[in-house]
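Below is one structure, written out as structure tokens; comments come after it.
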Amino acid sequence: MTRQPTDPAPAGSWKERRLPTIASLHRKLAPGTATEGAPGTLRGWLAGRRSSGKLLFLNFRDGSGFAQVVVAKAAVAPEAFENARHCPLESAVEVVGAAFLEPRAPGGMEIRASDFRVLHAADPYPITPKEHGASFLLDHRHLWLRSRKQHALLRIRDEVLYSFREYLREQEFVNADTPIFTPNACEGTTTLFETRYFDRQAYLSQSGQLYNEAVAMSVGRTYCLGPTFRAEKSKTRRHLIEFWMLEPEVAFAELPDIIDLAEGLICHAVSRVLENRAAELEILERDPGPLRRIQAPFPRVTYDEAAGILARKGTGFKPGEDFGAQDETALTEDLDRPLCVTHFPAAIKAFYMEPDADRPDRVLCLDIIAPEGYGEVVGGGQRIHDQELLRRRVKEHGLPEDAFEWYLDLRRYGTTPHSGFGLGIERFVAWMSGLSHLREAIPFPRTLYRLAP
RNA sequence: UCCACGGUAGCUCAAUGGCAGAGCAGCGGACUGUUAAUCCGUUGGUUGUAGGUUCAAGUCCUACCCGUGGAGCCA
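Quick note: the first sequence, position 260, residue 319 per this note's numbering, numbers continuous.
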């Protein structure tokens, strides 16, 4: 199968030469249409095998999905049967056969082989269908991604990211990504990763927000989507060192506008996952019931109202502080949809938050807390648009004024109220998928003590 | 960073201070409808590292390394 540089280019486009896939066979053989497919060739990997004498049941994965391949000794050449019987799990293989609707097969379809070839015989494969510990699986993350559950999670993450982009596009947003190398700290240096930028000090981005504000003053509605880095020594199921964040920013938008946007965005993604990834939710044993109840509007409370609820529930919450994991769970435990909390104390929020005109010690911000214990998935608010106030806040927070001159500049040329938020992709994917830990919501998680693979 | 727990075969785990074992995987075999198939046989060990106590240490002590769960902080 190896081509030489001197070989003539194969005829036809890549699309025309493409082999049939398990997913396309499923579509063609849907009950009520055909019950038997034309013979074809599929390439993929051997994911599992059971044998029953002269009959082999292979679990075959081709990237588009999983399907049972039946190799009957009577139906193939002796060499092909021996290959199918003995080749190691995760070998790359080629199957020639026809697809049939078959109620006895997992997934309702099977491919009956007329030939079976081994393209590459794998070494003994370390991951088995039996139980494994988290540590072992994370050490083998590059292989773990091949398993059925991880396959489903990758597709749900893809669906979530696509649906976010789709929704924002419909709302006339322009995607403009922001830099990962940044020259200064926007929210304190303790949680920043330091790195060298030739002969200068630089940091890895914690948020694209400040840059987003500049872009919003150009195109009105923008968003960035990319990785962010927090050098927090957090060691919980809700934290990653490197995580992806979606950050929309809208000119002329005030707090209520941005709350509506966050609600719409979340509801759209939830409905897309339910609509397009039902099979994946089933593989993950994720009950879609709670997701079906996610509808706008979300209940809204102020920080002070939330504090009152927590006082009644007796979680030990101290007014004036941020909510802990227990508090977030307590606030949402009686609800079937996310909770929006606004008007936090200015003292515990970032320097750029717009104060509430009626109560200057409170800021126009929002946190959206997902139900089922998934915690804060959205945080944001209205930004200060008055230059003098913003300059004062930069000083009060002990930030280097000269590094923020460009940011202050935005308030010198047609300044306007504007608002935005950040949405944590892995938390959202974990919530959709019913994961107990964030680390499976990203292909290669970076946690406190894990940098490989 | 703090608290708790753990590290024994490729994996998941056993083993009063007294012969290091099982299940699964792997390998060989039986079985024409399996669903984590079943059945028979079989390979596989420097018990995380370094030191100490003891006639004897996987087991007790000290230090270190690695990991897991949780807290704080956040998305």
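All residues carry an ideal CB built from backbone N, CA and C; glycine is no exception.
Taking the Cα of G167 as reference, the smallest distance to any Cα among G192, Q230, K87 is reached at K87. Residue pairing of I484 in beta bridges, as defined by DSSP: absent, with no partner found.
Spatial neighbours of E95 in its own chain (CB-CB distance under 6 angstroms, excluding positions within 5 residues in sequence) are listed in chain order as F159. In this structure, the straight-line span from the alpha carbon of E380 to that of I407 is close to 7 angstroms.
For V453, the secondary structure class from DSSP, reduced to helix, strand or coil, is helix. By a beta-carbon distance limit of 8 angstroms, Y221 does not contact F240. Their separation comes to about 27 angstroms.
In this structure, the straight-line span from the alpha carbon of M276 to that of L469 is close to 8 angstroms. With contacts defined as CB atoms closer than 7 angstroms, A365 and V400 qualify as a contacting pair. In this model, E334 and Q354 are separated by some 15 angstroms (Cα to Cα).
Counting of Cβ neighbours within 10 angstroms places T287 among the buried residues, the total reaching 16 or more. Exclusion of the five residues before and after A273 leaves L469 as the residues of its chain whose Cβ lies within less than 7 angstroms of its Cβ. Taking the Cα positions, F403 is about 43 angstroms away from S206.
Burial check for D426: the Cβ neighbour count within 10 Å reaches 16 or more, so the residue is buried.
When rounded, the separation of the alpha-carbon atoms in W203 and T237 is 32 angstroms.
Inter-residue distance for L449 and N234 is about 26 angstroms (C-alpha atoms, whole angstroms). Within the same chain, P404, A405 come within 7 angstroms of D420 by CB-CB distance, once the 5 residues on both sides are set aside.
If you look at C283, you'll find it in the beta strand (DSSP E) that goes 280-288. Of all alpha-carbon atoms in S478, P502, S330, P430, the one lying nearest the alpha-carbon of R216 is that of P502.
Within the same chain, Cβ atoms closer than 7 angstroms to the Cβ of Y433 are found at R486, A489, W490, the five residues on either side in sequence being excluded. In this structure, DSSP gives I342 a helical state, which the three-state scheme calls helix.
Burial check for E322: the Cβ neighbour count within 10 Å reaches 16 or more, so the residue is buried.
For the 7 angstroms CB-CB criterion, T250 and E291 form a contact. Contact between the region 447-463 and the region 276-285 is absent: fewer than 3 CB-CB pairs across the two stretches fall below 8 angstroms.
Rounded to whole angstroms, the Cβ separation of A416 and L212 is 45 angstroms, and the two are not in contact under 8 angstroms. Around the Cβ of P188, a 10 Å sphere holds fewer than 16 other Cβ atoms; the residue is exposed. Apart from sequence neighbours up to five positions away, the residues of its chain that approach Y262 with a beta-carbon distance below 8 angstroms are F240, T241, P242, N243, A244, T248, L251, F252, E253, T254, ordered along the chain. Taking a contact as a CB-CB distance under 8 angstroms, the pair S173 and A134 counts as one, their CB atoms being some 6 angstroms apart. In this structure, L494 is the residue among R228, L494, S194, V177 with its C-alpha nearest to the C-alpha of R345. Per DSSP, P378 lies in no beta strand (DSSP E) and is assigned neither H nor E. Between A328 and F480, the C-beta gap is not smaller than 7 angstroms, which leaves the two residues out of contact. For F125, the three-state secondary structure derived from DSSP is strand.
With fewer than 16 other Cβ atoms from the protein chains shown falling within 10 Å of its own Cβ, F311 counts as exposed.
Only residues of its own chain outside the window of five on either side were considered, and among them I353, Q354, A355 have a CB closer than 7 angstroms to the CB of C326, listed in chain order.
Beta-carbon to beta-carbon, L78 and R509 are separated by about 37 angstroms, too far to satisfy the 8 angstroms threshold.
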